[in-house]
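Using my numbering, you'd call the opening residue of the sequence shown number 259 and step up by one each time.
Glycine included, each C-beta is placed from N, C-alpha and C at the ideal position.
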Amino acid sequence: MLVVPAPSLRSPSIATLPPETMLSIFDYLYMAEKVPLRYSGERYTSLALFPLRMITVCRRWRDILALKTMYWESVVVPLCILGLPSLTKVLIGAFTRLETIELYLVSDNRDIIEASAENAHLETMMRLLAPFLHKCKTISIDMCYRSSTVIASRFLNALVARSLVYFSLVSHVTDSIEETPFASFISPNLETLRLDAQTFIGFAEAEGEPGVEVEYGRTLSITSYHPENESSTLTYSELICAIARFTETYGGLLNLAVEDVVFDGLDFGEPEWITTVSDVRFVDMDTSFLCAFFGYFDPPMNPNGGAHLSLTRCQLDIPISVQFIAELDLTGINDGVTIMYALKEWDGLTVNISDCPGFTDDILHVMASDYLCDEVYTFKFCNCPISVAAMRGFIASRSASENFEELYVHGAPSLSDEDKEWFTEKVPVRLTWNGEALKLTDWS
């Protein structure tokens, strides 16, 4: 008697799918998930680790993923893959076949890794990747310790990378104040540069080719340099001169950002003039640097009137005078003196003050009595300890102004009906208070 086996109730395993089907699945992950991550900046999520996370599943997946170089054009590489030689082999094989690469090299176990271990792992990784760095459109090296980025810079010295658009070499702990001299660095298409202050000074001294014109302008971000166990030998005049030299080589900057840089207290140098930088953002910078910078800052006239200056948690002990910039942003400033000195000679079009405990009724009173910011069209105040009465006094002082048009206030005390009527009458064009639009003049 013929016995017919019962049908299996077990679902087919994904391991049984043919390579063509698996490639279709991987194509979906690449196109639907990974590619958008490039534009959102979230490169270190689980999906951003595609395809490296996938090839650890099994040997079959590894072999299938190795078939398409497209998957490897933009890749986040954690240092921990050094413990998996088969992964490293696939990565190097893909890089060998590719014409251009977007490389994001990141440390792992940032909370527990020792500097010596990270140094050793990064040096080994850089030796493996060095033959391919000239192909890169993106080089982003994000380490825990600055001593690691010093090691990386030795492999990047004298690099010729004509396709390089984005270069970032940053760390989070300044455990070394060692200089990082670059003899040369050829990257005429560079659009974005992110380096700590000490590394940037070495980079700015490198021999290079003039930068080509880029569509949206260049961005320079000088990141934190805050030595933990040694005194900084960096001076603010050195940094300002380095910024000037960088613009001489690469051309003007659309955006300049400088954050949390500690300087040597003694500085007898003479800064150079900076004349080709538009938007400027400073975070956690002290008065010595700011006063020196603005003393040698002559921004170009912006035909669109869109340039702006942003100060976050900064300090000033004398007024700053800036050639015309349209917009001023003050954020997170506790010191009323700093706010006063930022506003005292401001002649731009917009003032935006947010989350500043130092912006109080006293400041509003001085702005009213001394008629500060008389050229400003738009005032924006968000989450600052100001009263309705003080704001009324300030707005009343603008009654004769031919420039003032708009007032936006958020996180302030509520208005009474009488207050709403008063502000609506005094503010010429637009008025918003705590999210409620009270006036919008239509000129059409």
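If you draw a straight line from the Cα of GLU463 to the Cα of LEU363, it is about 25 Å long. Here the segment 573-593 makes contact with the segment 532-548; the two share three or more CB pairs at distances below 8 Å. Annotated three-state conformation of ARG503 is helix, per DSSP.
Judged by beta-carbon spacing, TYR424 lies beyond the 9 Å limit of GLY469, meaning their Cβ atoms are not closer than that value. Two segments are said to touch when three or more pairs of C-beta atoms, one from each, lie closer than 8 Å; by this definition the segment 469-483 touches the segment 443-456. Contact between SER445 and SER426 is absent: CB atoms are separated by about 13 Å, not below the 8 Å threshold. Within the model, the alpha-carbon separation for ILE350 versus ALA670 is close to 57 Å.
CYS338 sits in a helix when the DSSP states are folded into three classes. In the DSSP assignment, TRP691 falls within the unbroken beta strand (DSSP E) covering 688-691. Short of 8 Å from the beta carbon of THR407, and not among the five residues preceding or following it, lie these beta carbons of its own chain, in chain order: ILE399, MET401, LEU427, VAL428, SER429, THR438, ASP454 and THR457. GLY606 counts as buried, since no fewer than 16 other beta carbons sit within 10 angstroms of its beta carbon. Here the alpha carbon of ILE359 sits roughly 8 Å from the alpha carbon of VAL333. Residues LEU607, ASN661 and GLU663 of the same chain have their beta carbon placed closer than 6 Å to that of TYR635, with the five preceding and five following residues left out of the count. The distance from the Cβ of LEU511 to that of SER495 is about 19 Å, inconsistent with a contact at the 8 Å cut-off.
Around the beta carbon of TRP330, 16 or more other beta carbons sit within 10 angstroms, so the residue counts as buried.
Along the length of the segment 536-579, whole beta strand (DSSP E) runs at least 3 residues long occupy 566-570, reported in chain order. Within the same chain, and ignoring the five residues on either side of ILE459 in sequence, the residues whose Cβ sits closer than 8 Å to its Cβ are GLU437, LEU492, GLU496, LEU497 and ALA500. From the listed residues ILE583, ALA550, PHE551 and GLY475, the smallest Cα separation to PRO558 is found for ILE583. A straight-line Cα-Cα distance of about 12 Å links ILE578 and PHE547.
For PHE443, the closest of GLU528, VAL418, ALA600 and ALA373 by C-alpha to C-alpha distance is VAL418. Note that the C-beta distance between SER405 and SER434 is below 9 Å. DSSP places SER398 inside the beta strand (DSSP E), whose first and last residues are 394-400. In the three-state reduction of the DSSP assignment, SER479 falls in the strand class.
Membership of TYR362 in the beta strand (DSSP E) is indicated by the continuous run 359-364. In this structure, the beta-carbon distance from CYS614 to THR589 falls below 9 Å.
Residue burial annotation: LEU361 is buried, with at least 16 other C-beta atoms found within 10 angstroms of its C-beta. Taking all protein chains in view, the Cβ of LEU524 is surrounded by fewer than 16 other Cβ atoms within 10 Å, so the residue is classified as exposed. Here ARG650 has TRP680 as same chain residues with Cβ atoms under 7 Å from its own Cβ, once five neighbours each way along the sequence are excluded.
The beta carbon of ASP518 lies closer than 6 Å to those of SER482, HIS484 and ASP542 in the same chain, with the five residues before and after it left out. The beta carbon of PHE390 lies closer than 7 Å to those of PHE353 and ILE359 in the same chain, with the five residues before and after it left out. Within the same chain, Cβ atoms closer than 8 Å to the Cβ of ILE339 are found at LEU310, LEU345, THR346 and LEU349, the five residues on either side in sequence being excluded. Excluding five sequence positions before and after CYS394, the CB atoms of its chain that fall closer than 8 Å to its own CB belong to THR358, ILE359, GLU360, LEU361, ALA419, SER421 and LEU422, given in chain order. Along the length of the segment 506-530, whole beta strand (DSSP E) runs at least 3 residues long occupy 511-517, reported in chain order.
The beta strand (DSSP E) runs lying completely inside the segment 388-457 and spanning 3 residues or more are 394-400, 424-428 and 450-454, given in chain order. Beta-bridge partners of HIS668 (DSSP): CYS640.
Exclusion of the five residues before and after LEU567 leaves VAL538, ILE583 and LEU586 as the residues of its chain whose Cβ lies within less than 6 Å of its Cβ.
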